[in-house]
């Protein structure tokens, strides 16, 4: 700025400068008002969700934008009890953590090999995984359903853990291999000369070294399995095994007319993710964009 | 690795390579590749999921070409792609330019805009279902409050507008991703370029159009490809909000595949749609890659 203003002054004189300043100030004001409005519009759906979760059905009609007349916090208790939300939380946790552990271990091992060893099919193996990033997940729903049926995996945790892992692998292998290729090998070579075996190298040197990339993979894999709806919809129909998104969607179908209750169940279901987001915002933003750009 | 040259070690590392690669290759082939091949195979059969599958050659594909619902689903997918490319990307670019500072309000706004990205599409779809709700929807209440009662519509149950009602939630949930992608690209522009612009007296909108945008052109191209493949993958949002209805008005390729397979038990036909989705998205991604690489070659 500083080097452009003198040029303007020289040309147009002080009165024009005052004009530009007024213009700049109004422009800033307009700009901030617009941005704040956008922020409100963006957040309003969540605000509405949380406020409405405390309402009675009558409140919805009478004061759609207002605060609840009476804060019916018992909506949450009722929703928790009648939706088996606890079971669904447990199921989501088992499935998401199962897929996460499997993905981290398998992808790290594969990437270690791809980044550090020379062998004939190397390029082919890497390409094989990268191609997977182009496959639209939903185009596999029907054949996967048939496959799961024949392997008698339908209505088990494995019906979700295995496909979540399989679909997380391409991005995970890509992110980890790229990371490992960029890290110098000094440490491993020293350890190798000291007589550490290959598994020892992997567990004691590679894994701790790739923690930043593993964190990205963790965020991507966990959020994907925790939030997934379509695989759960197709592979699980036993109530006892339903994951959170599926349980919430079914609950809404059953209690369609009790709005407060449904919204309370929805609010409860997003609390863990939002809590994690509040703590790990920066990491989640970075991780998800890295995964997307590479994926 | 240097030490691996010795034959004993080479043998050990060969065994390690094979054992190490097996789990990933097996799980990945079985649950990603085999299904793709299978759906291509089942696409040639008429099969209800039980009993004998009957080979009908290209019958399913012939039906797809004639099927008005498939055409509609394809058109809706194209609407989604266009809405994402021309809605999300420009909006995200504008926001990325405006929100580049690190003060509290800007950081807060960035987090707020990104928030839908970490939530389940189920919750997002349900929230928007309530926003559009004919009786308790806040959109219609808002129109009433603004004395625009005439503008009230049956947002999701009127077949003429339902597909367009799905666009705001679509943009709302993904714009944060592109915002962050563009922001980091803009931050990667080297400082000397900003200095040079300052010396030349280029600033504001002109700087944005003639310096910043061309500098992040590659990122924008990646974002366009992401948008295309992402919108072809839409399923959850539409399934939750309209289930493809009313009367197929919001049917997408993925929801149509789901409905054909699991609602009307036409596994063969559903598989043929799966394979078509696969081919269409590869074709689109291939075309966009080809266009950008050709343009790059010309420069």
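Chains as they are written, first to last, in this note's numbering: chain R, 237 to 531; chain G, 94 to 392.
Ideal placement from N, C-alpha and C gives every residue a C-beta, glycine not left out.
In the structure shown, residue 358 (chain G) falls within a coil segment according to DSSP collapsed to helix, strand and coil.
When DSSP states are grouped into helix, strand and coil, residue 139 (chain G) belongs to the strand group. The C-beta of residue 447 (chain R) has fewer than 16 other C-beta atoms within 10 Å across all chains shown, which makes the residue exposed.
Contact annotation, residue 378 (chain G) with residue 497 (chain R): C-beta distance approximately 43 Å; criterion of less than 8 Å not satisfied.
Closest in alpha carbon position to residue 495 (chain R), among R:268, R:325, R:314, R:270, is R:314.
Only buried fits residue 203 (chain G), as 16 or more other CB atoms lie within 10 angstroms of its CB. Scanning the segment 299-382 of chain G for uninterrupted alpha helix (DSSP H) segments of 4 residues or longer gives 310-325, 329-334, 346-351, listed from N- to C-terminal end.
Scanning G:116, G:331, G:118, G:121 for the CA closest to the CA of residue 255 (chain G) turns up G:331. By the C-beta criterion, the segment 360-379 of chain G is judged to be in contact with the segment 139-149 of chain G, since at least 3 inter-stretch pairs fall below 8 Å. The C-beta distance from residue 481 (chain R) to residue 213 (chain G) rounds to 4 Å, short enough to fall under 8 Å. Following the DSSP letters along the chain, one finds residue 244 (chain G) in no alpha helix (DSSP H), marked with neither H nor E. Put simply, the backbone Cα of residue 180 (chain G) is about 13 Å away from that of residue 270 (chain G). Cβ atoms of residue 227 (chain G) and residue 247 (chain G) come within 8 Å of each other, at about 6 Å. Against chain R, a Cβ distance below 8 Å from residue 354 (chain G) picks out 377, 378, 381. Between residue 110 (chain G) and residue 355 (chain R), the alpha-carbon positions lie close to 9 Å from each other. Distance check between residue 167 (chain G) and each of G:369, G:386, G:231, G:305 places G:369 closest, using alpha-carbon atoms only. 7 Å or more divides the Cβ of residue 304 (chain R) from the Cβ of residue 282 (chain R).
Bridge partners of residue 148 (chain G) according to DSSP: G:138. In this structure residue 266 (chain R) is exposed. Its beta-carbon is surrounded by fewer than 16 other beta-carbon atoms within 10 angstroms. At the C-beta level, residue 479 (chain R) and residue 328 (chain R) come within 7 Å of one another. Taking all protein chains in view, the Cβ of residue 157 (chain G) is crowded by 16 or more other Cβ atoms within 10 Å, so the residue is classified as buried. Apart from the 5 residues on each side of it in sequence, residue 308 (chain G) sits with its Cβ closer than 6 Å to the Cβ of 282 in its chain, given in chain order. Rounded to the nearest whole angstrom, the CA to CA distance from residue 503 (chain R) to residue 217 (chain G) is 11 Å. It is roughly 22 Å from the alpha-carbon of residue 186 (chain G) to the alpha-carbon of residue 257 (chain G). C-alpha of residue 372 (chain R) to C-alpha of residue 337 (chain R): approximately 24 Å in a straight line. Residue 360 (chain R) has a beta carbon lying at 7 Å or more from every beta carbon in chain G. Under the three-state reduction of DSSP output, residue 284 (chain R) falls in the helix class.
Apart from sequence neighbours up to five positions away, the residues of its chain that approach residue 327 (chain G) with a beta-carbon distance below 8 Å are 170, 173, 263, 345, 347, ordered along the chain. Residue contact with chain G for residue 516 (chain R): absent (no Cβ-Cβ distance below 7 Å to any residue of chain G).
DSSP places residue 250 (chain G) in the coil class of the three-state scheme, outside both helix and strand.
Looking at G:206, G:245, G:240, the one whose alpha-carbon comes closest to that of residue 225 (chain G) is G:245. By the rule that beta-carbons nearer than 7 Å mark a contact, residue 461 (chain R) does not touch chain G.
Residue state for residue 319 (chain R) is assigned as coil, using DSSP reduced to three classes. Between the C-alpha atoms of residue 393 (chain R) and residue 284 (chain R) there is a straight-line separation of about 34 Å. Annotation for residue 467 (chain R): the continuous alpha helix (DSSP H) segment containing it runs 466-471.
Neighbours of residue 333 (chain G) in chain R, taken as residues at a C-beta separation under 7 Å, are given in chain order as 485.
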